[in-house]
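A.B. asks: Let me give you the structure first, and then I'll get to my questions.
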Amino acid sequence: MRSSGLRPTRQRMHLATLLFTRGDRHVTAEEIHAEAQQESIAVSLATVYNTLHQFTEAGLLRVLAIETNKTYFDTNTSDHHHFFVEGRGQVLDIPERGPLGALKVENLPEPPEGMEIAHVDVVVRLRPKTS
């Protein structure tokens, strides 16, 4: 945490343990807050939000802008794309290999002068089949 420029406070350490010891995951502040309460970690929802945004600014998390009323945080900060299951609020990584993987984004427009493309986020929205 210190190498990312953050002071390792007790609450940050507890939240980091919840976030980073359970594999790559996509979470909301509300989900992390509920996990903290289940683990008897005394932390407010506002502190969870602030900490998640601090972790994002430090490069430890990635923000996923999928829904306008909810922010998802990804513990996998590498470049990759996502499925989003509508109605469930579930975020899944698109595999890099295999029948569903190897998504290629090609023929991007030239950015305006003085600008460069930082990254491209692709979210493929899914819903259960109706037939």
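To convert, note that position 91 of the sequence shown is 834 in our numbering; the numbers rise steadily by one, no gaps. No residue lacks a Cβ here, since even glycine has one placed at the ideal position from N, Cα and C. Since the model is a prediction, treat every value here as computed from it, not as a measurement.
Would a C-beta distance cut-off of 8 Å place residue 757 and residue 784 closer than the cut-off?
C.D. replies: Numbered from its first residue, the sequence shown carries residue 757 at position 14. Numbered from its first residue, the sequence shown carries residue 784 at position 41. Yes.
A.B. asks: In this structure, does DSSP put residue 775 in helix, strand or coil?
C.D. replies: Your numbering for residue 775 matches position 32 in the sequence shown. Three-state DSSP puts residue 775 in a helix.
A.B. asks: Using CA coordinates, which residue listed in 762, 770, 856 and 789 is at the minimum distance from residue 814?
C.D. replies: As a working mapping, residue 814 is identified with position 71 in the sequence shown. The candidate whose alpha carbon is nearest that of residue 814 is 770.
A.B. asks: Within the continuous alpha helix (DSSP H) that includes residue 800, where are the two ends?
C.D. replies: As a first step, residue 800 must be located in the sequence shown, where it is residue number 57. Note, residue 800: alpha helix (DSSP H), 788-800.
A.B. asks: Per DSSP, residue 754 forms a beta bridge with which residues?
C.D. replies: Here residue 754 refers to the residue found at position 11 when the sequence shown is read from its first residue. Residue 754 is not bridged to any residue.
A.B. asks: Whose C-beta lies closer than 6 Å to the C-beta of residue 807 among residues of the same chain, with five residues either side of it excluded?
C.D. replies: Counted from its first residue, the sequence shown places residue 807 at position 64. Excluding positions up to five away in sequence, the list reads 815 and 817.
A.B. asks: Quick check on residue 762: buried or exposed, where buried means 16 or more other Cβ atoms within 10 Å of its Cβ?
C.D. replies: As a working note, residue 762 is residue 19 in the sequence shown. By the neighbour-count rule (16 or more Cβ atoms within 10 Å), residue 762 is buried.
A.B. asks: Below 6 Å CB to CB, which residues in the same chain sit around residue 833 once its five sequence neighbours on both sides are set aside?
C.D. replies: Along the sequence shown, read from residue 1 onward, the residue named residue 833 stands at position 90. The answer is none, since no qualifying residue turns up.
A.B. asks: Can you pull the DSSP bridge partners for residue 825?
C.D. replies: Reading the sequence shown from its first residue, position 82 is the one you call residue 825. DSSP lists 836 and 866 as partners of residue 825.
A.B. asks: Pull up the distance between the alpha-carbon of residue 700 and that of residue 847, whole angstroms please.
C.D. replies: Outside the modelled stretch of the chain, which goes from 744 to 874, sits residue 700, for which no answer is possible.
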